[in-house]
Structures are given as structure tokens and as C-alpha cells.
Amino acid sequence: MYWLKGEGLGEVVDAPLLERFLGVDAEVGMGYLDRLVVDGYLEPVSGGYVMSASGLAEGKTEFAISFSDLTRPTHGECSADCWCQNSVEEAIACAAERAPGPAG
Numbered sequence: 212m213y214w215l216k217g218e219g220l221g222e223v224v225d226a227p228l229l230e231r232f233l234g235v236d237a238e239v240g241m242g243y244l245d246r247l248v249v250d251g252y253l254e255p256v257s258g259g260y261v262m263s264a265s266g267l268a269e270g271k272t273e274f275a276i277s278f279s280d281l282t283r284p285t286h287g288e289c290s291a292d293c294w295c296q297n298s299v300e301e302a303i304a305c306a307a308e309r310a311p312g313p314a315g
């Protein structure tokens, strides 16, 4: 649900949406959603379910963990706490420092 919300595909989840995106029988999926309501992660609304504040926080955490290998800086790429993030001038200097030298 966190991913669907983030992609702008909707905040309300219902049985047809579960079948389409998860390939799970709607009746089974709705049982899981009902359990998430009991656990406090979802809230029932007209036409389906939405994430509660704790569900949104948990979704954010799970998304970050699940995709951490894809969202971390790659080799040669600066992280968010690099000194080059302080100003445009420092960003230019950092990029120049990391640029490969002339082939020789």
C-alpha cells in the first residue's frame, strides 16, 4: 500500500486492487487487510482501507529496508552527508576532484 500511495496509484485499497497488483484472491486478501486493521496499520473507509499513521510509518521503514541496496549511493557517487552538498561551489569542486584524469 505504501508503494501504491507513493506511485500515485491511490490511497484506498479494495478487493479488485489486491487481485490486480498482488495476484491474490480478494477474499484472502481482505482477510489480511482486516488483520492489519486490528493491528492498527490500516483504517477502514468507504470502499476499502487506508493506511493509518502507524501503517504509513511502518510502510516507510519497510520500503527503505527493502530497497536500501537500490537507493544507496553507488561507487563514485556522493552520499547525502558529503561536504559537496553544502553549496553549488563545493559540488562543482567535488565533481572535479572525482572526475577521471586525461588518458595517458
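In short: position in the sequence shown from 1, add 211, done, that's my numbering. Think of the CB as a built atom: it goes at the ideal place given N, C-alpha and C, for glycine as much as any other residue. Every value quoted in this text rests on a predicted model; they were computed, and no experiment measured them.
message: Using C-beta distances below 6 angstroms, list every residue in its chain close to G259, excluding the 5 sequence neighbours before and after it, in chain order.
response: In the sequence shown, counting from the first residue as 1, residue 259 sits at position 48. Answer for G259: V223, V224 and D225, listed in chain order.
- prompt: Among V239, S263 and V235, which has the Cα closest to the Cα of V248?
  reply: What you label residue 248 is simply residue 37 of the sequence shown in a count that begins at 1. Among V239, S263 and V235, the Cα nearest to that of V248 belongs to S263.
query: Of all the beta strand (DSSP E) runs that stay within the bounds of the segment 252-284, which reach a length of 3 or more residues?
result: For the segment 252-284, the full-length beta strand (DSSP E) segments reaching 3 residues or more read 253-256 and 259-262 along the chain.
- prompt: Does DSSP put V318 in a helix, in a strand, or in coil?
  reply: Residue 318 falls outside the range modelled here, since the chain spans only 212 to 315, and no answer is possible.
message: In the DSSP output, what is V224 paired with across the bridge?
response: Residue numbering aside, residue 224 sits at position 13 when the sequence shown is read from its first letter. The partner list for V224 (beta bridge, DSSP) reads Y260.
query: Closest by CA to R231, which one among M212, R246, D245 and G217?
result: By 1-based counting over the sequence shown, the position of residue 231 is 20. Closest by alpha carbon: M212.
Cα-Cα separation, L237 to S265: Looking up residue 237 in the sequence shown gives position 26. Looking up residue 265 in the sequence shown gives position 54. A quick correction: the sequence has Ala, not Leu, at residue 237. The alpha-carbon separation between A237 and S265 amounts to approximately 24 angstroms.
- prompt: Which of the three DSSP states, helix, strand or coil, is assigned to V235?
  reply: Working through the sequence shown from its first residue, we reach residue 235 at position 24. Residue state, collapsed to three classes: coil.
query: For D245 and chain D, any beta-carbon pair shorter than 8 angstroms?
result: Absence of chain D from the displayed structure is noted, only one protein chain being present.
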